[in-house]
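A.B. asks: In the numbering used here, the protein residues as written are 3 to 304.
Beta carbons: idealized from backbone N, C-alpha and C, even for Gly.
Treat the numbers as computed from the prediction; the structure is a model and nothing was measured.
Quick one: this structure, given as structure tokens, is what I'll be asking you about.
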Amino acid sequence: MSRVLVTGGAGFIGSHLCDRLLRDGHDVVCLDNFFTGERSNVDPRVTLLEHDVSEPFDAEVDAIYNLASPASPIAYQETPVETVRTNVLGAIHVLELAKRRGCPVLQASTSEVYGDPDVHPQPESYFGRVNPIGPRACYDEGKRCAETLFFDYHREYDVSIKVARIFNTYGPRMRPDDGRVVSNFVQRARRGEALTIHGDGSQTRSFCYVDDLVDGLVRLMDTPRNVTGPVNLGNPEEIGIGTLAAIVCELVGTGSRVEHVPALVDDPRRRRPDIFLAQQLLGWTPTTTLRDGLRRMIDAQQ
3 MSRVLVTGGA
13 GFIGSHLCDR
23 LLRDGHDVVC
33 LDNFFTGERS
43 NVDPRVTLLE
53 HDVSEPFDAE
63 VDAIYNLASP
73 ASPIAYQETP
83 VETVRTNVLG
93 AIHVLELAKR
103 RGCPVLQAST
113 SEVYGDPDVH
123 PQPESYFGRV
133 NPIGPRACYD
143 EGKRCAETLF
153 FDYHREYDVS
163 IKVARIFNTY
173 GPRMRPDDGR
183 VVSNFVQRAR
193 RGEALTIHGD
203 GSQTRSFCYV
213 DDLVDGLVRL
223 MDTPRNVTGP
233 VNLGNPEEIG
243 IGTLAAIVCE
253 LVGTGSRVEH
263 VPALVDDPRR
273 RRPDIFLAQQ
283 LLGWTPTTTL
293 RDGLRRMIDA
303 QQ
């Protein structure tokens, strides 16, 4: 058994990761400032440190997962400066801790580093197409800078790093007001309200159920030291947003209609991971179908 720190451990993905690590027999420490995380997500067996990762901290740990960052467009566009601070200063502080403790550290990066891609599907070798001054840049560029810091600490200080690029993830514990498309559609459908689609609905995403994603993170952390990533973690099944709306309406069964509003600024038109590296290095492929995952998410909110 080892002592594992999860920054952002009270958030959507972070709390599921804490639960998985507990099941695997680890002593788990959650660091969170509860900006978007929820205390109710934290298992009582988890040691809780209420702290902002953008400020220095210390902890006796054997491994670190860095998931601290707003991931909802609503949250990070309302607080863009704090989002950059969290991603950049937070990366520095977890890397400094890993350097002091001599332990491995995993960075939860994002498919947003690819921006609105002109390569499809997106392999890890693709450098991306990101608008550095747009309204989404605080998150996109914050994560890109965090990746830079991770690889520079690895090269300069020999810190053991892992970098995962997470594609759209969904499941129980998503905040109903976070503005991401799956939680938005499910909540509106449950209330019988119209499902709002930005643009014509032809834009695509690839949705990965949270348990599958967490399994990929754990597998990546367990790889040999020379495996650094970045490694894409996401479901390669691509689906149009209009089709997603129809599936949610069918599963919830409230007969909600769909309405279209203007497209969002810098919203990617297509998003689909190339997961060849994850399959080869981790033996990982998502196993939960979109319909099954949505049913679990809807049932958990009953």
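1. Under 8 Å, do G13 and T38 count as touching if we go by C-beta distance?
2. Just how far apart, CA to CA, sit R193 and R102?
3. Quick one: is G236 buried, meaning 16 or more other Cβ sit within 10 Å of its Cβ, or exposed?
4. Would you mind sorting G104 into buried or exposed? The rule is 16 or more other CB atoms within 10 Å of its CB.
5. Whole angstroms is fine: what's the gap from L97's alpha carbon to I249's?
6. Taking 8 Å as the threshold (C-beta atoms), are I199 and I163 in contact?
7. Can you say whether L296 is buried or exposed, counting buried as having 16 or more other CB atoms within 10 angstroms of its CB?
8. Quick one: what's got a C-beta closer than 6 Å to I66's C-beta in the same chain, skipping five residues either side?
9. How many Å lie between T230 and V216 at the Cα?
10. For V212, which of helix, strand or coil comes out of DSSP?
11. Given a threshold of 16 other Cβ atoms within 10 Å of its Cβ, counted over all protein chains shown, does F209 qualify as buried or as exposed?
12. Just verifying my parser: in three-state terms, what is the DSSP assignment at C105?
13. A265: buried (16+ other C-beta within 10 angstroms of its C-beta) or exposed?
14. Under the DSSP definition of a beta bridge, which residues are partnered with C20?
15. Does the distance from the CB of Q281 to the CB of T289 come in under 8 Å?
16. Which runs of the alpha helix (DSSP H) at least 4 residues long sit entirely within the segment 76-155? Give them in chain order.
17. When we look at the beta-carbon of G285 and count the other beta-carbons within 10 Å, is it buried (16 or more) or exposed?
18. What residues in its chain sit with their C-beta under 6 Å from that of L197, if we drop five residues either side in the sequence?
19. Three or more C-beta pairs closer than 8 Å, one from the segment 68-84 and one from the segment 172-185: is that the case here?
20. What does the alpha-carbon distance come out to for the pair T171 and L292?
C.D. replies: Quick answer:
1. yes
2. 50 Å
3. buried
4. exposed
5. 42 Å
6. no
7. buried
8. L7, V96, A100 and V107
9. 17 Å
10. helix
11. buried
12. coil
13. exposed
14. DSSP, once it has assigned bridges, lists no residue as partnering C20.
15. no
16. 82-103
17. exposed
18. F187, R190, A247, S258 and V260
19. yes
20. 11 Å
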